[in-house]
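Chains as they are written, first to last, in this note's numbering: chain A, 10 to 329; chain B, 8 to 255.
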Amino acid sequence: MSVLVYTETEDGKFKKAAFEVASYAKEVAGGDEVVAVSFNAADTSELGKYGVSKVLNIQNDKLNKFNAEAYADAIKQAAEKEGSKLFVLSQSANSKYLAPLLAVHLNAGYASNVIAVPESQEPFTVKRSAFTNKAFNFTKITTDVKIVGLSQNAFGLKEREAAATAEDFSPELKEGDFTVNVESVDKAKDKVTIADAEVVVSGGRGLKGPENWGMIEEMADILGAATACSKPVSDMGWRPHSEHVGQTGKPVASNLYIAVGISGAIQHLAGINAAKTKVVINNDPEAPFFKAADYGVVGDAFEIVPKLNEKLKEFKAKNA
Amino acid sequence: MKILVCISHVPDTTSKINFTDGDSKFDTNGVNFVINPNDEFGLTRAMWFKEKQGASVDVVNVGGAETEPTLRKALAIGADNAIRVNTPAVDGFQVAKQLAKVAKEGEYDLIIAGRESIDYNGGMVPGMLAALLDANFINTCISLEIEGNKATAVREIDGGKETLTASLPLVIGGQKGLVEESDLKIPNMRGIMQARKKPLNVLEPEEAATQTEAVKFEKPAPKGDVKLVDPENLDELIDLLHNEAKAI
Chain A
10 MSVLVYTETE
20 DGKFKKAAFE
30 VASYAKEVAG
40 GDEVVAVSFN
50 AADTSELGKY
60 GVSKVLNIQN
70 DKLNKFNAEA
80 YADAIKQAAE
90 KEGSKLFVLS
100 QSANSKYLAP
110 LLAVHLNAGY
120 ASNVIAVPES
130 QEPFTVKRSA
140 FTNKAFNFTK
150 ITTDVKIVGL
160 SQNAFGLKER
170 EAAATAEDFS
180 PELKEGDFTV
190 NVESVDKAKD
200 KVTIADAEVV
210 VSGGRGLKGP
220 ENWGMIEEMA
230 DILGAATACS
240 KPVSDMGWRP
250 HSEHVGQTGK
260 PVASNLYIAV
270 GISGAIQHLA
280 GINAAKTKVV
290 INNDPEAPFF
300 KAADYGVVGD
310 AFEIVPKLNE
320 KLKEFKAKNA
Chain B
8 MKILVCISHV
18 PDTTSKINFT
28 DGDSKFDTNG
38 VNFVINPNDE
48 FGLTRAMWFK
58 EKQGASVDVV
68 NVGGAETEPT
78 LRKALAIGAD
88 NAIRVNTPAV
98 DGFQVAKQLA
108 KVAKEGEYDL
118 IIAGRESIDY
128 NGGMVPGMLA
138 ALLDANFINT
148 CISLEIEGNK
158 ATAVREIDGG
168 KETLTASLPL
178 VIGGQKGLVE
188 ESDLKIPNMR
198 GIMQARKKPL
208 NVLEPEEAAT
218 QTEAVKFEKP
228 APKGDVKLVD
238 PENLDELIDL
248 LHNEAKAI
């Protein structure tokens with residue numbers, strides 16, 4: 010029985026999340042085949058390295074822009090064609106958008122925010138994060154067809170020796186699939202997003218004003234990181250809302266999270282708890298963030314960050 | 008325009024998260040329940056449509072009688088009617104099924120739910136509801152305007168946002184941005200008094216299968232103490248991040 014994965018692309022190229030869901034699916038599939046569905050991918054062979062043996066690459070100009078309903082309909086038809094009982098997708102904004110639609114179309118139980126391979130296959134039980142990372146929840150999916158939404162960076166990449174063959178697949182799309190229309194997209198080019206980033210550098214109220222973000226952006230540049238901020242900072246308009254991380258903002262699940270001048274309100278910590286390593290730089294040793302962090306530096310961010318940036322530059326030059 | 012706002016009854020953000028019955032149930036002891044923050048942004052936007060465009064706003068929750076104070080709070084904020092479907096919320100699909108029945112019978116034009124509840128973080132009810140109703144759906148919505156039968160919405164995407172249009176009926180997965188936090192309404196005394204007299208209809212559930220089951224919960228292992236690094240010795244921090252955490 011094959012496991013089906015949705016391998017997301019950006020401008021025709023696979024995202025890291027695509028390789029991660031493929032790696033995860035192969036681990037779960039064991040000896041069975043992993044089949045990927047992609048939309049207008051330029052080169053599908055890369056997926057082989059992560060355990061995919063067949064790619065259903067849907068080529069259709071109408072699907073150049075993401076459309077949740079149309080993508081869900083196309084994936085449903087792929088799942089039915091393959092007879093797959095398990096479908097895995099990432100937890101990107103787009104995947105989270107289409108997953109519940111697909112779940113209804115396939116009459117499949119859906120577990121979101123899954124962070125590990127199934128605890129058992131029979132019954133099918135997965136571990137997921139809940140209570141905004143303050144707890145884990147083991148969820149049993151009781152339907153015949155199952156959907157797993159894998160949290161970013163929860164499994165990582167696992168390379169395997171396999172070759173992916175590409176197969177053209179042309180699902181039949183209905184007019185009703187295109188009733189929500191994208192009018193315009195406003196997206197920073199060549200900037201790492203918080204969702205995809207390995208490292209996130211984040212600033213808080215301790216930075217005193219938007220004019221002081223240069224050193225945060227510099228650190229992000231050095232580390233190839235995404236920039237983020239605390240809620241008060243986005244509320245005051247110092248930084249765009251899209252950078253706000255925390256309970257009501259974006260979740261962070263990067264390998265490294267560096268917080269500068271953020272005290273660590275409970276809502277903020279909830280949103281960044283899934284980051285693997287947390288560093289805090291703050292002049293208040295009583296700041297709650299020190300209880301949540303792995304490494305901390307107590308002191309003035311305006312002195313520490315520029316020094317740290319110099320040292321990180323040296324480190325990167327040596328370890329490039 | 009008839010608007011239905013779906014309200015989740017969730018522990019407030021500062022609650023201690025504990026479990027009982029062999030870690031199989033959330034421990035509600037001493038927990039203060041509130042309107043799910045993602046739903047509250049939607050409710051406040053709905054109030055704007057009520058005030059500026061003459062919309063009617065109903066609120067609905069799937070749950071036992073213990074959720075009624077949360078619905079009363081939504082009435083105090085300004086919703087016209089409340090509906091409670093009298094069955095525990097077990098999984099996303101079962102909740103979506105119950106909501107779909109209410110939505111269909113009430114012939115709502117716009118249905119607003121939060122993108123996810125802050126307790127189970129399932130993030131599936133709005134989308135499932137839209138699919139069950141065969142209505143248009145826009146998730147992670149941070150701005151919404153309605154003119155006649157046409158909605159213009161902004162959706163948050165990874166690394167940016169996009170503007171979408173769709174006709175009603177429409178289901179929204181809402182979040183902060185629909186209104187600002189400073190626009191959230193705290194019920195005043197008049198609102199609270201009025202809310203007592205507003206209708207809160209209790210409906211019996213329809214038969215709905217579940218697809219998932221939360222079997223147990225676990226709290227994260229206690230974290231070790233933070234390792235403090237001397238600001239004069241930042242090389243140590245880089246060494247720890249590289250060799251110990253393997254994060255750079």
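Ideal Cβ positions, reconstructed from N, Cα and C, are used throughout, including at glycine.
In the three-state scheme derived from DSSP, where H, G and I count as helix and E and B as strand, residue 18 (chain B) is classed as strand. Neighbours of residue 224 (chain B) in chain A, taken as residues whose beta carbon is under 9 Å from its own, are 139, 140, 144, 145, 146 and 147 in chain order. For the stretch 226–282 of chain A, the continuous beta strand (DSSP E) assignments of 3+ residues that do not extend past its boundaries occur at 235–238 and 265–269, in sequence order.
Inter-residue distance for residue 90 (chain B) and residue 294 (chain A) is about 48 Å (C-alpha atoms, whole angstroms). Within the stretch 220–233 of chain A, those residues whose Cβ lies closer than 9 Å to any Cβ of chain B are, in chain order, 232. Taking 7 Å as the CB threshold, residue 277 (chain A) stays off the interface with chain B. In terms of CA proximity to residue 126 (chain B), B:44 leads the group B:44, B:213, B:169 and B:159. Between residue 137 (chain A) and residue 152 (chain A), the C-beta gap is not smaller than 7 Å, which leaves the two residues out of contact.
With respect to the C-alpha of residue 79 (chain B), the residue from B:156, B:207 and B:219 having the closest C-alpha is B:207. For residue 162 (chain B), the enclosing beta strand (DSSP E) starts and ends at 157–164. With respect to residue 212 (chain A), residue 158 (chain A) sits apart: the two C-beta atoms are not nearer than 7 Å.
For residue 256 (chain A), the C-beta contacts it makes with chain B under 9 Å involve 20, 44 and 125, in order along the chain. Sequence-distant partners of residue 101 (chain A) (beyond 5 residues in either direction) whose C-beta falls short of 7 Å from its own C-beta, in its chain, are 17, 26 and 204.
Residue 188 (chain A) reaches chain B at 143, 173 and 174, counting residues in chain order whose Cβ is nearer than 9 Å. Following the DSSP letters along the chain, one finds residue 175 (chain A) inside the beta strand (DSSP E) bounded by residues 174–177.
Annotation: the continuous beta strand (DSSP E) that includes residue 193 (chain A) extends over 189–196.
In terms of beta-carbon proximity, residue 29 (chain A) stays away from the interface with chain B, with every pair separated by 7 Å or more.
From the beta-carbon of residue 234 (chain B), the residues of chain A found nearer than 8 Å are 303, 304 and 305. Ranked by Cα distance from residue 221 (chain B), the options A:235, A:242, A:181 and A:134 are led by A:134. In the three-state reduction of the DSSP assignment, residue 152 (chain B) falls in the strand class. In the same chain as residue 17 (chain B), and ignoring 5 residues on each side of it, the C-beta atoms closer than 6 Å to its own belong to 43, 124, 125 and 126, in chain order. The Cβ-Cβ distance between residue 299 (chain A) and residue 305 (chain A) falls below 7 Å. At least 7 Å separates the beta-carbon of residue 56 (chain A) from that of residue 84 (chain A). Per DSSP, residue 169 (chain A) lies in no beta strand (DSSP E) segment and is marked neither H nor E. In this structure, the beta-carbon distance from residue 151 (chain B) to residue 65 (chain B) does not fall below 7 Å.
Residue 32 (chain A) sits in a helix when the DSSP states are folded into three classes. Here residue 137 (chain A) carries a strand assignment [DSSP, helix/strand/coil].
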